[in-house]
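Asker: Protein chains in written order, with my numbering: chain A, 1 to 365; chain B, 366 to 618.
All C-beta atoms, glycine included, are put in the ideal place defined by N, C-alpha and C.
Small disclaimer: the values here were computed from a predicted structure and weren't measured.
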């Protein structure tokens, strides 16, 4: 057969490639590359705490991992379902408070307390979600923002102080590995919280991967693309949206629980700070909302840039005071040139300046 | 005559003071093809929106296979076996063509107990049937208008409906595409699906429908076979104006 134009693939005559066992396991070759990269990153992350890093580096890494989980958790409702939730800090705070109260008042073990803390946030998401998820667009965003503020007020109110200690905050027990004390105990603690955070990242990525293959995942993307059409195809949109919101709340709550035990002291102003919501959203947008790995990568990038700007002094200039300004400019640049986040780099044949310009044109900036 | 699959009793929909649909009675029998025609703004699409409860009904009742479904949640009506397409196509743009149809196969009348993998297989089968078999991996926003209309049809058919409401699936298609769409609609009906067709393309109405209902200012103006309805003086008047109707009546006399 003559092959005059080898560079144009002929889709009609493309024969299916023979399927081997590895193909079935790894999907396409590109998936295999991604899986390989993930495995390498995972091994590096597993080894890192044993490279005798300073406490500062380990703390920064743990913070980055927690941000990655929050970004991916927001991705369920914001990225896949297309509902701009601006109140995820409510779930973070409830997770933190749930864990703290269970550990101090009932002396529950940490993991159980964290799990139940996450479930408290989940139940709260279902109760709040049923009315709030009836709104769309900016109305939904503002409603969730309001709910988060109201939740903070509720937790810090004197009427609930016997449970939440009101505005004075809660002290949690220290992490004490058996037979260790002093500096050795502190180091073991850093490593412990690092690995728990890493476990949460793995868990949330696996949950996302499962979601993209499930019927629920299909219905969420359908709702994002056109909610009326989704309804007409038989999707119970109310239920699906609440499920996405609850999933988002669960993982955000787990991170809150981790944070509470890690920091050993929580205040309403601290764990209900709107900063946590914004960081999660920005990381997800940075990495690529509605993708399996984008928000996790975005969380890493955001935290790296933020930490660099806060603590480094390039050419002797202290960037610390301009930290937020530069971060803001950086985020605006990303949204203008890469509206689909870092994920925009993938799935393209070649990278060029034209790609950036095309993005700018398409979004009419 | 066969079982009544859909019946509306005095269905109305008001937007403020305007009656977009005004006390419309309609029965549709299993296996039938009913055309709904009328000038722009006659309330045809609103009628379908009210039946499927995309818009809340103002008054009246809707019965599906003898069971009242008035004001049922839209997704439950869909799962009962009522599917529809949209006049302004509503593809899930950032999904592939295959994924678009898969959603229908997952959640429609045939979706219960079907796994994601089974739904994908069903979707592929339907896409082959409507002629999108070679474009399944395309992103939906890369289809032509004719392709998007076929995709609307595929999403609805993947639900395995018993009643399918087609809202102007032929508008904007060229002659050849219209012919192909008509063949497709006939084949869908031959497979046992009852059809309610809103259409402006008269050729399609005459070629496909057994019975036609005319809406005008939200009210039922006439009903009958395509030939009866198209020669009805009130229908001619509604479409072409009073003067023309009078002149034509005089010419005939």
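Could you tell me the alpha carbon to alpha carbon distance between residue 132/A and residue 242/A, rounded to whole angstroms?
Answerer: Sequence index remark: in the first chain, residue 132/A carries index 132 (1-based). Sequence index remark: in the first chain, residue 242/A carries index 242 (1-based). Cα to Cα, residue 132/A sits roughly 10 angstroms from residue 242/A.
Asker: Cα separation between residue 175/A and residue 166/A?
Answerer: Sequence index remark: in the first chain, residue 175/A carries index 175 (1-based). Sequence index remark: in the first chain, residue 166/A carries index 166 (1-based). Straight-line Cα distance between these residues: approximately 24 angstroms.
Asker: Can you round the beta-carbon distance between residue 95/A and residue 257/A to whole angstroms, since I take them to be within the 8 angstroms contact cut?
Answerer: Your numbering for residue 95/A matches position 95 in the first chain. Your numbering for residue 257/A matches position 257 in the first chain. Between residue 257/A and residue 95/A the Cβ distance is about 5 angstroms, and since that is below 8 angstroms, they are a contact.
Asker: Do residue 527/B and residue 569/B have their C-beta atoms closer together than 9 angstroms?
Answerer: Reading the second chain from its first residue, position 162 is the one you call residue 527/B. Reading the second chain from its first residue, position 204 is the one you call residue 569/B. Their beta carbons are not under 9 angstroms apart, which means residue 527/B does not touch residue 569/B by this criterion.
Asker: Name, please, each residue of chain A whose Cβ falls closer than 8 angstroms to the Cβ of residue 417/B.
Answerer: Looking up residue 417/B in the second chain gives position 52. Per Cβ cutoff of 8 angstroms: 232.
Asker: Is the CB-CB distance between residue 404/A and residue 467/B below 9 angstroms?
Answerer: Here chain A comprises residues numbered 1 to 365, so residue 404/A is not present and cannot be evaluated.
Asker: Count the other C-beta atoms from every protein chain shown that fall within 10 angstroms of the C-beta of residue 313/A, then say buried if there are 16 or more, exposed otherwise.
Answerer: The residue given as residue 313/A occupies position 313 in the first chain. Exposed.
Asker: Scan the region 239 to 291 of chain A and note each continuous alpha helix (DSSP H) run of 4 residues or more that stays entirely inside, going in chain order.
Answerer: Correct list: 268 to 271 and 274 to 287.
Asker: Terminal residues of the continuous alpha helix (DSSP H) containing residue 67/A?
Answerer: As a working mapping, residue 67/A is identified with position 67 in the first chain. Here the alpha helix (DSSP H) through residue 67/A covers 55 to 74.
Asker: Have a look at the DSSP bridge pairing and note the partners of residue 520/B.
Answerer: Translated into the one-based positions of the second chain, residue 520/B becomes position 155. DSSP output for residue 520/B lists no bridge partner at all.
Asker: Which chain A residues sit within Cβ distance under 7 angstroms of residue 467/B?
Answerer: Translated into positions along the second chain, residue 467/B becomes position 102. Near residue 467/B (Cβ distances below 7 angstroms), the residues of chain A are 218.
Asker: Nearest by alpha-carbon distance to residue 83/A: which of 42/A, 223/A, 38/A and 103/A is it?
Answerer: Position 83 of the first chain, counting from 1, holds the residue named residue 83/A. Answer by Cα proximity: 223/A.
Asker: Around the Cβ of residue 606/B, are there at least 16 other Cβ atoms within 10 angstroms (buried) or fewer (exposed)?
Answerer: Your numbering for residue 606/B matches position 241 in the second chain. Counting Cβ neighbours within 10 Å, residue 606/B comes out exposed, since fewer than 16 surround it.
Asker: Below 8 angstroms on C-beta distance, what does residue 196/A contact in chain B?
Answerer: In the first chain, residue 196/A corresponds to position 196, counting from 1. In chain order: nothing, as chain B lies at least about 32 angstroms away.
Asker: When the Cα of residue 445/B is compared with those of 501/B, 371/B, 510/B and 593/B, which residue comes out closest?
Answerer: Here residue 445/B corresponds to residue number 80 of the second chain, with the count starting at 1. Among 501/B, 371/B, 510/B and 593/B, the Cα nearest to that of residue 445/B is on 371/B.
Asker: Would a check of beta-carbon distances place residue 136/A closer than 9 angstroms to chain B?
Answerer: Translated into the one-based positions of the first chain, residue 136/A becomes position 136. It does not: the Cβ of residue 136/A has no partner Cβ on chain B nearer than 9 angstroms.
Asker: Measuring alpha carbon to alpha carbon, tell me which of 59/A, 357/A, 316/A and 353/A ends up nearest residue 197/A.
Answerer: Along the first chain, read from residue 1 onward, the residue named residue 197/A stands at position 197. That would be 59/A, whose Cα lies nearest to the Cα of residue 197/A.
Asker: What are the residues in the region 452 to 465 of chain B lying within 8 angstroms of chain A by C-beta distance?
Answerer: Flagged, chain order: 455, 456, 457, 458, 459, 460 and 464.
Asker: Going by Cα to Cα distance, which pick from 581/B, 614/B, 594/B and 609/B is closest to residue 404/B?
Answerer: The sequence position of residue 404/B within the second chain is 39, counting from 1. Among 581/B, 614/B, 594/B and 609/B, the Cα nearest to that of residue 404/B belongs to 581/B.
Asker: Using DSSP with H/G/I as helix, E/B as strand and the rest coil, what is residue 401/B?
Answerer: Mapped onto the second chain, residue 401/B falls at position 36. The answer is strand: DSSP assigns residue 401/B an E or B state.
Asker: Using DSSP bridges, identify the partner residues of residue 609/B.
Answerer: On the second chain, residue 609/B is found 244 positions in, with the first residue counted as 1. Bridge partners of residue 609/B: none, in fact.
Asker: Rounding to the nearest angstrom, what Cα-Cα distance links residue 106/A and residue 36/A in this structure?
Answerer: Reading the first chain from its first residue, position 106 is the one you call residue 106/A. Reading the first chain from its first residue, position 36 is the one you call residue 36/A. Answer to the nearest angstrom: the Cα atoms are 44 angstroms apart.
Asker: What does the Cβ neighbour count give for residue 480/B, buried or exposed, with the cut at 16 atoms within 10 Å?
Answerer: For this step, residue 480/B is matched to residue 115 along the second chain. Residue 480/B is exposed by the Cβ-count criterion.
Asker: Going by beta carbon distance, what residues of the same chain come within less than 7 angstroms of residue 306/A, once the five residues before and after it are set aside?
Answerer: Here residue 306/A refers to the residue found at position 306 of the first chain. Here the set comprises 327.
Asker: By DSSP, does residue 190/A sit in helix, in strand, or in coil?
Answerer: Working through the first chain from its first residue, we reach residue 190/A at position 190. The answer is helix: DSSP assigns residue 190/A an H, G or I state.
Asker: Any beta-carbon of chain B closer than 9 angstroms to the one on residue 222/A?
Answerer: Within the first chain, numbered from 1, the residue matching residue 222/A stands at position 222. Residue 222/A counts as touching chain B.
Asker: May I have a chain-ordered list of the beta strand (DSSP E) segments no shorter than 3 residues that lie completely inside the region 396 to 445 of chain B?
Answerer: Here the runs fully enclosed are 398 to 402 and 424 to 429.
Asker: Does the beta carbon of residue 292/A come closer than 9 angstroms to any beta carbon on chain B?
Answerer: As a first step, residue 292/A is located in the first chain; it is residue number 292 there, counting from the start. Output row for residue 292/A: interface = no.
Asker: Using a beta-carbon distance cut-off of less than 7 angstroms, what residues from the region 486 to 506 of chain B approach chain A?
Answerer: Taking 7 angstroms as the Cβ-Cβ cut-off against chain A, the residues of the region 486 to 506 of chain B that qualify are 499.
Asker: Answer with buried or exposed for residue 245/A, where buried requires no fewer than 16 other C-beta atoms within 10 angstroms of its C-beta.
Answerer: For the purposes of this step, residue 245/A is identified with residue 245 of the first chain, where counting begins at 1. It is buried - the Cβ of residue 245/A has at least 16 other Cβ atoms within 10 Å.
Asker: So which of 382/B, 396/B, 380/B and 411/B has the shortest CA-CA distance to residue 389/B?
Answerer: The residue given as residue 389/B occupies position 24 in the second chain. When only C-alpha atoms are compared, the closest one is 411/B.
Asker: Name the chain B residues that come within less than 8 angstroms of residue 225/A, Cβ to Cβ?
Answerer: Translated into the one-based positions of the first chain, residue 225/A becomes position 225. The contacting residues are 456, 457, 458, 459 and 460.
Asker: List, in order along the chain, the chain B residues whose C-beta lies closer than 7 angstroms to that of residue 208/A?
Answerer: Along the first chain, one-based indexing puts residue 208/A at 208. Going along chain B, no residue has its Cβ under 7 angstroms from residue 208/A, so there is no contact; the nearest lies around 15 angstroms.
Asker: To the nearest angstrom, report how far apart residue 461/B and residue 302/A are at their CA atoms.
Answerer: Your numbering for residue 461/B matches position 96 in the second chain. Your numbering for residue 302/A matches position 302 in the first chain. Their backbone Cα atoms lie some 31 angstroms apart in a straight line.
Asker: Taking the straight line between their C-alpha atoms, what separation do you get for residue 368/B and residue 482/B?
Answerer: As a first step, residue 368/B must be located in the second chain, where it is residue number 3. As a first step, residue 482/B must be located in the second chain, where it is residue number 117. Straight-line Cα distance between these residues: approximately 35 angstroms.
Asker: Please check if any C-beta of chain B sits within less than 9 angstroms of the C-beta of residue 229/A.
Answerer: As a working mapping, residue 229/A is identified with position 229 in the first chain. With 9 angstroms as the cut-off, residue 229/A counts as an interface residue toward chain B.
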